[in-house]
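The listed protein sequences correspond, in order, to chains A and B. Note that my numbering has the first sequence beginning at 94, numbered continuously upward. Note that my numbering has the second sequence beginning at 94, numbered continuously upward. Ideal Cβ placement from N, Cα and C applies to all residues, glycine included.
Protein chains: 2
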Amino acid sequence: MNDAQIDLIFHALADATRRDIVRQSINGDLSVSGLARLYPISNTAIQKHVAVLEKAHLVQRSRRGREQLVKSRSETVAAAKQLLDEIEQLWRIRIDQIDWQWAP
Amino acid sequence: MNDAQIDLIFHALADATRRDIVRQSINGDLSVSGLARLYPISNTAIQKHVAVLEKAHLVQRSRRGREQLVKSRSETVAAAKQLLDEIEQLWRIRIDQIDWQWAP
DNA sequence: CTATCTTACAACCTTATGGTTGTAGATCAA
DNA sequence: TTGATCTACAACCATAAGGTTGTAAGATAG
Chain A
94 MNDAQIDLIF HALADATRRD IVRQSINGDL SVSGLARLYP ISNTAIQKHV AVLEKAHLVQ
154 RSRRGREQLV KSRSETVAAA KQLLDEIEQL WRIRIDQIDW QWAP
Chain B
94 MNDAQIDLIF HALADATRRD IVRQSINGDL SVSGLARLYP ISNTAIQKHV AVLEKAHLVQ
154 RSRRGREQLV KSRSETVAAA KQLLDEIEQL WRIRIDQIDW QWAP
């Protein structure tokens, strides 16, 4: 995964409405307009949020008749988590080095 | 942690330069201008990036003479990770429910 | 067929982002 | 003291974000 892709993921997650859409779309049984009914903003705004999430591969859309079902993708959330984990590891490495210096 | 705070954290992480500043600042021995030497952008730009990270509590600044040392904070990275984990848990819950339905 | 629902998308507005240059005040080294 | 370094901040610019309204087209129910 390259920097640009990671940028997209974190940017998509940096909005409370979008984070909630990810949660609501876990079952994959909600359409765009179905999601829109959950929030006090326009249908178009939700469409844009879903587009941002889709570009980040945090959700997937699939057409069922006239509606577009939205399903979130756990792999991408997992990938973001792993990235944060890799950053966290750097602290542990630093602590290990301090231990090494203190060894007799 | 409220939504606005989480927004700040993910927004701060949605930029490759800022993610790198977090990594470079783990030891806490780099100043703002010291960091600026690592990147091909202006000192002021780095100052702004550090300000964004500080507002998200991803780094802390402390003055040493004329320079401002930057140290990243692992707790905030950990908090972001936990949030993603909570979202991931929702998938597991869903899988558990499917298992329950299938039980004899 | 017609009316309704759902999506798609263009156009627009306001504010935020990420960068620049320039200026000024502290602090340190010599 | 003087000169270099580091930070702070204002001003500016281009573009992206996040929202709106309006219009059009595809799919479905009756």
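### Query
Taking any Cβ of chain A, which residues in the segment 145 to 169 of chain B have a Cβ under 8 Å from it, in chain order?
Those residues of the segment 145 to 169 of chain B placed with their C-beta closer than 8 Å to a C-beta in chain A are Ser167, ordered along the chain.
### Message
Check for me: the alpha helix (DSSP H) holding Leu128/B runs from which residue to which?
### Response
Indexing the second sequence from 1 puts residue 128/B at position 35. 125 to 129 is the span of the alpha helix (DSSP H), which, as asked, contains Leu128/B.
### Whole-angstrom distance between His104/B and Lys148/B, CA atom to CA atom
For this step, residue 148/B is matched to residue 55 along the second sequence. For this step, residue 104/B is matched to residue 11 along the second sequence. The alpha-carbon atoms of Lys148/B and His104/B are separated by roughly 11 Å.
### DSSP state of Arg187/B mapped onto helix, strand, coil
Sequence index remark: in the second sequence, residue 187/B carries index 94 (1-based). Arg187/B falls in the helix class under three-state DSSP.
### Query
Can you name the start and end residues of the beta strand (DSSP E) that Leu162/A belongs to?
In the first sequence, counting from the first residue as 1, residue 162/A sits at position 69. From DSSP, the beta strand (DSSP E) with Leu162/A extends over 160 to 165.
### Message
Closer than 7 Å between beta carbons: that is the criterion. Which residues of the segment 108 to 122 of chain B meet it against chain A?
### Response
Only Asp108, Ala109, Val115, Arg116, Ile119, Asn120 from the segment 108 to 122 of chain B bring a Cβ to less than 7 Å from some Cβ of chain A.
### Query
Would you report the Cα separation of Ile139/B and Ile134/A, rounded to the nearest angstrom?
The residue given as residue 139/B occupies position 46 in the second sequence. The residue given as residue 134/A occupies position 41 in the first sequence. Across the structure, Ile139/B and Ile134/A are spaced so that their CA atoms are roughly 35 Å apart.
### Task
Name the residue from Arg159/B, Leu131/B, Ser124/B, Arg130/B whose alpha carbon lies nearest to the alpha carbon of Ala144/B.
Translated into the one-based positions of the second sequence, residue 144/B becomes position 51. Among Arg159/B, Leu131/B, Ser124/B, Arg130/B, the Cα nearest to that of Ala144/B belongs to Ser124/B.
### Message
Classify Leu212/B: buried if its beta carbon has 16 or more other beta carbons within 10 angstroms, exposed otherwise.
### Response
For chain B, the structure presents residues 94 to 197; residue 212/B sits outside this window and is missing.
### Message
Let's see if you can read the secondary structure: which residues bound the beta strand (DSSP E) around Ser155/B?
### Response
Along the second sequence, one-based indexing puts residue 155/B at 62. Unbroken beta strand (DSSP E) run through Ser155/B: 152 to 157.
### Task
For the alpha helix (DSSP H) containing Asp113/B, list its first residue and its last residue.
Your numbering for residue 113/B matches position 20 in the second sequence. Per DSSP, Asp113/B belongs to the alpha helix (DSSP H) from 109 to 117.
### Query
Under 8 Å between the Cβ atoms of Ala118/A and Lys164/A?
To locate residue 118/A, count along the first sequence from 1; it is residue 25. To locate residue 164/A, count along the first sequence from 1; it is residue 71. For the sequence presented, residue 118/A should be read as Ser rather than Ala. Yes, these two residues count as a Cβ contact at 8 Å.
### Query
For Leu146/B, which option in Asp189/B, Arg116/B, Leu177/B, Trp184/B has the closest C-alpha, if you only look at C-alpha atoms?
By one-based count along the second sequence, residue 146/B stands at place 53. Ranking the options by Cα distance to Leu146/B, first place goes to Arg116/B.
### Task
Give the single residue among Ile180/B, Gln182/B, His142/B, Ile191/B whose Cα lies nearest to the Cα of Arg111/B.
Indexing the second sequence from 1 puts residue 111/B at position 18. Looking at the Cα atoms, His142/B is the closest of the given residues.
### Contact list for Ile180/B against chain A, beta-carbon separation under 7 Å
The residue labelled residue 180/B in the question sits at position 87 within the second sequence. The answer, in chain order, is Val115, Arg116, Val170.
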